[in-house]
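Asks:
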Amino acid sequence: MDNLFYAMAFVIFLTGFWIMLSHANLIKKIIGMNIMESAVFLFLVAIGYVRDGSAPIVTEASSAITYVNPLPSALILTGIVVSVSVTAFALGLIVRLYQHYGTVDVDEITRMRSEEQ
Amino acid sequence: MSDIIVQVVTRMMIPYLQLYGLYIILFGHNSPGGGFAGGTVIASSLILYVLAFGIDNEELRLSGSVARIVESCGALAYVGIGLAGILLGANFLSNHSAGFPLGIPGRVFSGGTIVLLTVSIGLKVASTMITLFTNVAEKEGEGE
Amino acid sequence: MITAHIMPLTILLPLVGAYIILLFGSRHKILARNVALATAGVTFAMVCFITYLVSAHGTFVYHLGGWAPPLGIELMADNITAFLLVTFASVAFIVLLFASDVLPGEINPKVITRYYALYLVLLGSLLGIVLSNDFFNIYVFLEISSIAAAALVAVNGDKLAMEASVKYLIMSTLGSGTVLMGIAGLYMVTGYLNLDFIASNLSAAYAGYPLTVLMTLAMLVVGIAVKAALFPLHVWLPDAHGAAPTSSSAILSGLVVKVYIAVLLKLLYRVFPLDFIAALPLQASLLVMATLGIFVGSILAIRQKDIKKMLAYSTVAQIGYVFLGIGLFSEKAMIGAVLHVFNHAVMKSMLFLSAGLLIKYSGRREIADLAGLGRTYPLPMIAFSVGALSMVGIPSFSGFISKWYLGLGALEANQLLFLVVLLVSSLLNAFYYLPIVIAGFFKKGTVEVEKQVIPVGAQISLIFLIAATFFFGLFSNIPVSYIAPTIQGLFGMFGGV
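Chains as they are written, first to last, in my numbering: chain E, 1 to 117; chain Z, 1001 to 1144; chain H, 2001 to 2497.
1) Report the option in Z/Asp1003, Z/Met1012, Z/Ile1069, Z/Val1079 whose CA atom is closest to the CA atom of H/Leu2013.
2) Which residues of the segment 61 to 82 of chain E have a Cβ closer than 7 Å to any Cβ of chain H? Give them in chain order.
3) In angstroms with no decimal places, state the Cα-to-Cα distance between Z/Ala1077 and H/Phe2418.
4) For a contact defined as C-beta to C-beta under 7 Å, what are the partners of Z/Leu1093 on chain H?
5) Does any residue of chain Z have a CB that is nearer than 8 Å to the CB of E/Val45?
6) So if I threshold CB-CB distances at 9 Å, which residues from the segment 2162 to 2194 of chain H count as touching chain C?
7) Quick check on the burial criterion: 16 or more other C-beta atoms within 10 angstroms. Buried or exposed for E/Glu115?
8) Look at H/Ile2326 and H/Leu2268 and say whether their C-beta atoms are less than 8 Å apart.
9) H/Val2140 touches chain E at which residues, Cβ-Cβ below 7 Å?
10) Hey, could you find the ends of the beta strand (DSSP E) H/Ala2077 is sitting in?
11) Residues in the same chain with beta-carbon distance under 6 Å from H/Phe2342, minus the five sequence neighbours each way, listed in chain order, please.
12) Output, in sequence order along the chain, the residues in the segment 1096 to 1116 of chain Z whose CB is closer than 8 Å to any CB in chain H.
13) I believe H/Gly2372 touches H/Lys2444 by the beta-carbon criterion, under 8 Å. Please report the beta-carbon distance rounded to the nearest angstrom.
14) Using a Cβ cut-off of 8 Å (strictly closer), state whether H/Lys2360 contacts chain E.
15) Give me the residue from H/Leu2434, H/Asn2137, H/Phe2295 with the minimum Cα distance to H/Leu2064.
16) Report the start-end ranges of each alpha helix (DSSP H) in the segment 2198 to 2243 of chain H that is 4 residues or longer and not cut off at the edges.
17) Is the distance from the Cβ of H/Ala2345 to the Cβ of H/Ser2425 below 8 Å?
18) DSSP on H/His2063, reduced to helix/strand/coil?
19) Flag E/Leu14 as yes if its beta-carbon sits less than 8 Å from any beta-carbon of chain Z, otherwise no.
20) Within its chain, find whatever has a CB closer than 6 Å to the CB of H/Gly2496; leave out the 5 residues flanking it on each side and keep chain order.
21) Quick one: does Z/Pro1015 have its CB under 8 Å from some CB of chain E?
22) Rank H/Ala2250, H/Leu2022, H/His2241 by C-alpha distance to the C-alpha of Z/Val1070 and give the top, closest one.
23) Please name the residue, chosen from H/Ala2004, H/Ile2438, H/Ala2164, that lies closest to H/Asp2239 on a Cα-to-Cα basis.
24) Quick one: Cα of H/Ile2020 to Cα of H/Phe2329, how far?
25) With H/Val2392 and H/Tyr2433 assumed to form a contact (beta carbons below 8 Å), what rounded beta-carbon distance in angstroms separates them?
26) Can you grab the Cα-Cα spacing for the pair H/Pro2008 / H/Leu2122, in whole Å?
27) Does chain Z have any CB closer than 8 Å to the CB of H/Tyr2019?
28) Please go through the same chain and pick out, in chain order, the residues whose beta-carbon is closer than 7 Å to the beta-carbon of Z/Val1041, but skip the five residues on each side of it.
29) Under three-state DSSP, which class holds E/Tyr6?
30) Taking the alpha helix (DSSP H) that H/Ile2438 belongs to, which residues open and close that run?
31) By the 10 Å Cβ neighbour count, where 16 or more other Cβ atoms means buried, how is Z/Met1129 classified, buried or exposed?
32) So for Z/Ser1209, helix, strand or coil by DSSP?
33) Starting from Z/Gly1033, follow the alpha helix (DSSP H) in both directions and report where the run begins and ends.
34) Could you have a look at H/Tyr2377 and say whether DSSP puts it in helix, strand or coil?
35) Please identify the residue among Z/Ala1090, Z/Val1108, Z/Ile1081 whose C-alpha is closest to the C-alpha of Z/Leu1026.
36) Less than 8 Å between CB atoms is the rule here; does H/Ala2218 satisfy it with respect to chain E?
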C-alpha cells in the first residue's frame, strides 16, 4: 500500500517530464515542469510519512507519540520556493517573448526567426 | 477594471488576510507555517488590492520600489542574524549554542533566533512576490 | 575568527554584495561597479586563503548553526574543492574586471546594476555548490545558479537571447527536477543527505534495494549531464552561450557548465564506491557519450559561421574531454579532467572575451569578417590566438597539459582507443581555430575598421588570462602537485580499478 505512493509519484513525474518535452507551447512546458516538481514533493512526503504520526511540534504538553519525519517537509518547502521562483522567472520571460513574437509556441517562434534571417 | 463589488469585498478581506499572514509568520516555529507561507499570504493581499483598484494606479509603482528595498533588507537581515552567531563566538546561524535564550516552548517569543529569521524571510518573500508581480505587470504595460 | 568561519563567509560575501548593490546601486552606478569588483576581489582573496588552509592543515569541515551532521548542513573543503574554488573565483573576478569596462557599451544601462547583482549571486551559488557537503544544499545552490545563469543570458532583453534563455531554463529545470528525484531516492534508501553518511550507508542500502539505488544513480547522472551539456543533451547550450552578452558567455561557458562536473565528481568519487560503479555500464556509456560529444561538437563548430556559436559548440566538445577524464576511472585521467576544468575555464573565457571585443569593434559576428583585425586590434587577436593554440593543445600552453594527462590516463586504463580520440579531436580543433588566427593576422580585412581605444580593465583581464595560460602550461607541476595526493587517496581508498 505504501509503495503505491512511490509508484504514483513516478507516474506523475514522467507525465510532467513528457509534457515538458513533447509540447511546443511554452506555458504548457511550464505546467509540465510544475507537475514534475509536485511529483517529487509527493515522493518526499511519502518518504517522511509515518502511519498515525502527528506534526512534530514540541510543546510542554506533548507526550511521547509518533511523529512524522519533519525533514522531508522542510525539503519540500524549500523545493516549493525554488519551483515558484523558477516558474515566476520563466513566465516573466514568456510574457516578453509573447510581446516580441505574438505567440508562445516554440515551433512557431523558430519558424519566424528563420524567416527573419 | 473597477468593479464596485470586487472593491468592497477586497476592502473587507484585506485586513483579515494580512492578520492571517502575520499570524502564520509569527507562529511559524510553534505550528505549521513560517516565513514563506505567511509572506505569500501578505503579498497576495497586497496584489489583490492592486488588482481590485486598478493596475494603472500610482500606488503600484510606489509599492514596487518600496518592495525592492524591503527585499534587499530582508535578505541582509537574515545574513545579519546568521552573522550574529559568529560574533557571539559560535558558528554561522547558531541559535542556542550562541547563547540565544530558547524560552518556553509554545510561546511566541521562544526558539531563540527562529522568530527573527522567519520574520526576515516573511519580509523577503512578501516583497519578492510583489516585485515579481509588478515586473510582469509593468512589462505588459510597456507592450501596449 | 575569520579563519574558523572562512567557508560560510566566502559563500555569503558575494550574496551580501549582490543585495547591497540592489539596495544602493540603482542610484549610484559607479558604486554598484565598485562594490561588485571589490566583492569579487575579496572573495578571490578568501578563496586563496582557503586553499592555503587546506594545504597547511588538510581537509576541514564547517557545521552550519553548530549542528553536526547528519542533523546539520556541512561545508567541506579538500584539495580538489579548493582547486575548483580558485578556478571559479579567479575566472569570475577577471571576467568581472572585463565586464565592468565593456558592459556599459553592450547592454542597456538600466539593467547594469541588476547585471552585477546577478553576477555576484551566480558566483556565490557556484562557490556554494563546490563547498557543500550536503545533497539538498547542493540542489538549492544548483537552482540558484541556473536561474541566475538564465537571467544573465536574457538580461539585455533582445528576443534571441530571451528565447535562448527560456530554452536554457526549461532544459535546466528538467535536469534539476531529475536530480532532485535522485536526491529524494538517495534519502529514501539511506536516510541521510550528507554525502559522507550516504556513502557509508550505501552498500547496506544496495543490499536491500538494488533497483532503487541504480535508478537513483541513473537519475542523478542524467540530470547532471543535462545541466553540464553532455552530448546528446547539449542542445540548449549553443543558443544560450551564443546569444548572451560577452561576459555572460564567458562565465557560462567557462564556469557554470563546469560546476555540474564538480557535483558529478562528488557523486562518483565520494558517494558511490568505485568498485560499485565499475560493475555498472556507467563508465562505458560516459565514455561513448564523451567521445561522441567531442567529435560532434568539433564538427558542428567547424560548420558555424558565427564566431560565438563556434565557441559554444567548442565548449560541447571540451565538456566531452572532462567527461572522458571522469569516465576513464584512472588516476591520471582524473587529474587531467580536474585540470581541464581549470584550463578550459581560462581558455574559453579568454576566447569569448577577445571575440566579444572583436565583435564590438568590428560590428560583425561572422568568422570571415574577422580577417585582418589582428593589425588594428593586436591584443584581442593575440589573446584569441593564445586561447586557440591552447585549445588545439600545442605544448607550452596550458591546454596541452590537461590533454597530456588525459592521454596518460587512457594509457593507464589500457584504453588506447581514447588516445586516438584525443589526437583526432586535436586535429579537428586545429581545423576550426587556426584559420581564424591566420586570417586575423595575415589576411587583408574585408571591412574597414576604425581603431578605437580598448578600455584598460579589459586589457588587464586579457593579459592576465594570457599569462595564466602560459604559466600553467609551463609550470603545470604546481596545480598537479596540489590535487594529485587527494586523487591518489580517492583511488587508494577503494583499492583502485
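From the three backbone atoms N, C-alpha and C, an ideal C-beta is built for every residue, glycine too.
Replies: The relevant details are as follows:
1) Here residue 2013 of chain H is taken as the residue at index 13 of the third sequence, counted from 1. The option with the nearest alpha carbon to H/Leu2013 is Z/Val1079.
2) Leu75, Thr78, Gly79, Val82
3) Your numbering for residue 1077 of chain Z matches position 77 in the second sequence. Your numbering for residue 2418 of chain H matches position 418 in the third sequence. Cα-Cα distance, rounded: 53 Å.
4) Start at 1 with the first residue of the second sequence, and residue 1093 of chain Z comes out as number 93. Those are Leu2064, Gly2065, listed as they occur along chain H.
5) Looking up residue 45 of chain E in the first sequence gives position 45. Taking Cβ atoms only, chain Z never reaches closer than 8 Å to E/Val45, which makes this a no.
6) No chain C appears in the structure shown, which is made up of the protein chains E, Z and H.
7) Within the first sequence, numbered from 1, the residue matching residue 115 of chain E stands at position 115. Flag for E/Glu115 reads exposed.
8) In the third sequence, residue 2326 of chain H corresponds to position 326, counting from 1. In the third sequence, residue 2268 of chain H corresponds to position 268, counting from 1. In contact: H/Ile2326 and H/Leu2268 (Cβ atoms closer than 8 Å).
9) Taking the third sequence and counting its residues from 1, the one referred to as residue 2140 of chain H is at position 140. By Cβ distance, chain E contributes Thr78, Val82.
10) Residue numbering aside, residue 2077 of chain H sits at position 77 when the third sequence is read from its first letter. Where H/Ala2077 is concerned, the enclosing beta strand (DSSP E) stretches over 2074 to 2077.
11) Numbered from 1 along the third sequence, position 342 holds the residue referred to as residue 2342 of chain H. Thr2087.
12) Ser1097, Ala1098
13) Here residue 2372 of chain H corresponds to residue number 372 of the third sequence, with the count starting at 1. Here residue 2444 of chain H corresponds to residue number 444 of the third sequence, with the count starting at 1. Right, their Cβ atoms sit about 5 Å apart.
14) Taking the third sequence and counting its residues from 1, the one referred to as residue 2360 of chain H is at position 360. It does not; no Cβ of chain E falls within 8 Å.
15) In the third sequence, counting from the first residue as 1, residue 2064 of chain H sits at position 64. Closest option to H/Leu2064, Cα to Cα, is H/Asn2137.
16) 2210 to 2228, 2237 to 2243
17) As a working mapping, residue 2345 of chain H is identified with position 345 in the third sequence. As a working mapping, residue 2425 of chain H is identified with position 425 in the third sequence. The answer is no: Cβ separation not under 8 Å.
18) In the third sequence, counting from the first residue as 1, residue 2063 of chain H sits at position 63. H/His2063: strand per DSSP, three-state reduction.
19) To locate residue 14 of chain E, count along the first sequence from 1; it is residue 14. It does not; no Cβ of chain Z falls within 8 Å.
20) Start at 1 with the first residue of the third sequence, and residue 2496 of chain H comes out as number 496. Confidence at H/Gly2496 is low in this model, with a pLDDT of 39, below 50, so its placement is unreliable and the value that follows should be read with caution. So no residue of the chain qualifies.
21) Taking the second sequence and counting its residues from 1, the one referred to as residue 1015 of chain Z is at position 15. False, the Cβ-Cβ gap to chain E never drops below 8 Å.
22) Indexing the second sequence from 1 puts residue 1070 of chain Z at position 70. Of H/Ala2250, H/Leu2022, H/His2241, the residue nearest in Cα terms is H/Leu2022.
23) Looking up residue 2239 of chain H in the third sequence gives position 239. It is H/Ala2164.
24) Start at 1 with the first residue of the third sequence, and residue 2020 of chain H comes out as number 20. Start at 1 with the first residue of the third sequence, and residue 2329 of chain H comes out as number 329. If I take the Cα positions, the gap works out to 44 Å.
25) In the third sequence, the residue the question calls residue 2392 of chain H occupies position 392. In the third sequence, the residue the question calls residue 2433 of chain H occupies position 433. About 6 Å; that satisfies the 8 Å criterion.
26) If you number the third sequence from 1, residue 2008 of chain H lands on position 8. If you number the third sequence from 1, residue 2122 of chain H lands on position 122. The alpha-carbon atoms of H/Pro2008 and H/Leu2122 are separated by roughly 16 Å.
27) Residue mapping note: residue 2019 of chain H aligns to position 19 of the third sequence, counting from 1. Output row for H/Tyr2019: interface = yes.
28) Within the second sequence, the letter at position 41 stands for residue 1041 of chain Z. The residues are Leu1017, Tyr1020, Gly1021, Ile1024.
29) Position 6 of the first sequence, counted from the start, is the residue given in the question as residue 6 of chain E. Here E/Tyr6 sits in helix by DSSP.
30) Here residue 2438 of chain H refers to the residue found at position 438 of the third sequence. 2416 to 2442 is the extent of the alpha helix (DSSP H) around H/Ile2438.
31) To locate residue 1129 of chain Z, count along the second sequence from 1; it is residue 129. Buried, because 16 or more other Cβ atoms sit within 10 Å of the Cβ of Z/Met1129.
32) Since the first and last residues shown for chain Z are 1001 and 1144, residue 1209 of chain Z lies out of range.
33) Here residue 1033 of chain Z refers to the residue found at position 33 of the second sequence. Where Z/Gly1033 is concerned, there is no enclosing alpha helix (DSSP H), given that its DSSP letter is neither H nor E.
34) As a working note, residue 2377 of chain H is residue 377 in the third sequence. In this structure, H/Tyr2377 counts as coil in the three-state DSSP scheme.
35) Position 26 of the second sequence, counted from the start, is the residue given in the question as residue 1026 of chain Z. Comparing Cα positions, the closest option is Z/Val1108.
36) What you label residue 2218 of chain H is simply residue 218 of the third sequence in a count that begins at 1. No - not a single Cβ of chain E is within 8 Å of the one on H/Ala2218.
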